[in-house]
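Residue 0 is where the sequence shown starts when you use numbering that gives the first Met the number 0, and the numbers rise one by one after that. Positions of the beta carbon are idealized from the N, C-alpha and C atoms, including for glycine.
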Amino acid sequence: MALAQNTAGQRRVSPMEYARRRSLLRDDPDIDVVDMPTLVGIAKAIEDEAVRRYRFLAELMESRGETSTAAAFRVMLEEEQSHVQAVDRWAASVGEPDISAEDFEWQLPADLSTSWDKVAGSALLTPYRAFALAVENEERAFSFYAYLAAHAENEEIRAEAEKLGGEELRHAALLRKWRRRAYHRERRPARSEPVEIDSIEGLRDALAQKDAEIAAVHRALVPRLRAAGDHASAELLERAIPAGTVPSPAEASRPTATSSGTEDPRHLLVDAQKPLESLADMLETVMANSDGELFEEAAAAMGRVVERISQISLQMRHP
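Below, the structure written as structure tokens:
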């Protein structure tokens, strides 16, 4: 394939060559030579893994009561199922219809799944974030195909790998469109600018405010969890409320929430996680923009928050 020249007379880099130079994969796959059976097997494994992951995440989000995010994953699942069929037709066209994806799963880069593993337990995984991660994964798959093209046994296999990589870019473009739509649906009225934290005193004030907000949310959830029959989760939240904190005047005057006893405890625990993850986001920002004692204090607070989020996640698995 001839490469065009740009207006300055410089050699224009093809998308595949650019991907090889700036790979999104943390580690190069350990594949020395790519023949046609290997390329077909890997292509099938990529699509099969995507189908399994989107189905799992759709079911997980549905069980957590995150119906809009579950719907986003079902849309991606349907799209990936059509990709599986397309790859099967392509495999037959290159004379390799009987290759099993299972024999090649071990060759897939870990980067194609780790991003999903990190967010599967998140209470803040919105449709926008789900589509954004899917875009990143399609771009990583493109990088993988660029690597395979560079290690192809011959020109025919290189060309087929580049075609598959081009399909991943097409998928990414479609997902970007869905991502933009999700962003506009989720966008809320502009909030006030976050308070800048540049001192330990400022951090401690912000932590005190966040702790009060978290305690208010958890106090409201405790009776609802008990009404739903999940006394262990109610006690978990109650134990974590800092000693000495009392309801604010506004909170105290608010009517006590009642429950019919039919609420799903897992959904209530997702609600318990959300203010903690919001605090974790704030601490990440502080840590990214500080050093010395301020960084250390923010890191210690982050450790405590992560521990609380993990305890709730564990409780969701074993109600």
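query: Can you give the Cα-Cα distance for R178 and T37, rounded to whole angstroms?
result: 32 Å
message: Could you check whether the Cβ of Y182 sits closer than 7 Å to any heavy atom belonging to the ligand MN?
response: The model on display carries no ligand, and the ligand MN is accordingly not part of it.
query: So, do the region 161-175 and the region 102-112 have three or more beta carbon pairs nearer to each other than 8 Å?
result: no
- request: Would you please state the rounded distance, in angstroms, between the beta carbons of L267 and Q314? I believe it to be under 8 Å.
  value: The Cβ separation is near 11 Å, so there is no contact.
- prompt: Roughly how many whole angstroms lie between the Cα atoms of R139 and I45?
  reply: 11 Å
query: Counting Cβ pairs, one atom from each stretch, are 3 or more of them under 8 Å apart for the region 47-55 and the region 75-89?
result: yes
query: CA-CA distance, M60 and I240?
result: 27 Å
message: Taking the alpha-carbon of A85 as reference, which of D47, D110, S232 and N136 has the nearest alpha-carbon?
response: D47
Beta-carbon gap between E95 and V33 smaller than 8 Å: no
field: Close Cβ partners of I196 (< 6 Å) along its chain, the five nearest in sequence each way excluded
entry: L202, A205 and V285
query: How long is the line joining the alpha carbons of L224 and A233, rounded to whole angstroms?
result: 6 Å
Supposed contact pair L293 and S198 - C-beta distance, whole angstroms, cut 8 Å: 7 Å
- request: Helix, strand or coil for V134, going by three-state DSSP, please let me know.
  value: helix
message: Whole angstroms are fine: how far does the CA of A133 sit from the CA of E155?
response: 29 Å
- request: Decide if I311 is buried, meaning its Cβ has at least 16 other Cβ atoms within 10 Å, or exposed.
  value: buried
message: Please report the distance separating the alpha-carbon of G302 from that of P274.
response: 15 Å
field: Contiguous alpha helix (DSSP H) assignments of at least 4 residues, all confined to the region 126-184
entry: 126-149
- request: Check whether the Cβ atoms of L235 and L220 sit closer than 8 Å, and answer yes or no.
  value: no
For Y182 and P188, the rounded distance between their alpha carbons: Its pLDDT being 49, under 50, P188 is placed unreliably in this model, and the value from its coordinates should be taken loosely. P188 and Y182: Cα-Cα distance of roughly 13 Å.
task: Could you tell me the distance, in whole angstroms, from the CA atom of D210 to the CA atom of L56?
output: 30 Å
field: Spatial distance of A214 from A279 (CA atoms)
entry: 15 Å
- prompt: Short check: CB of F130 to CB of A71, under 8 Å?
  reply: yes
query: What's the C-alpha gap between S142 and H217?
result: 44 Å
message: Let me check understanding here. Comparing Cα to Cα, which of P28, E306 and A226 lies closest to L111?
response: P28
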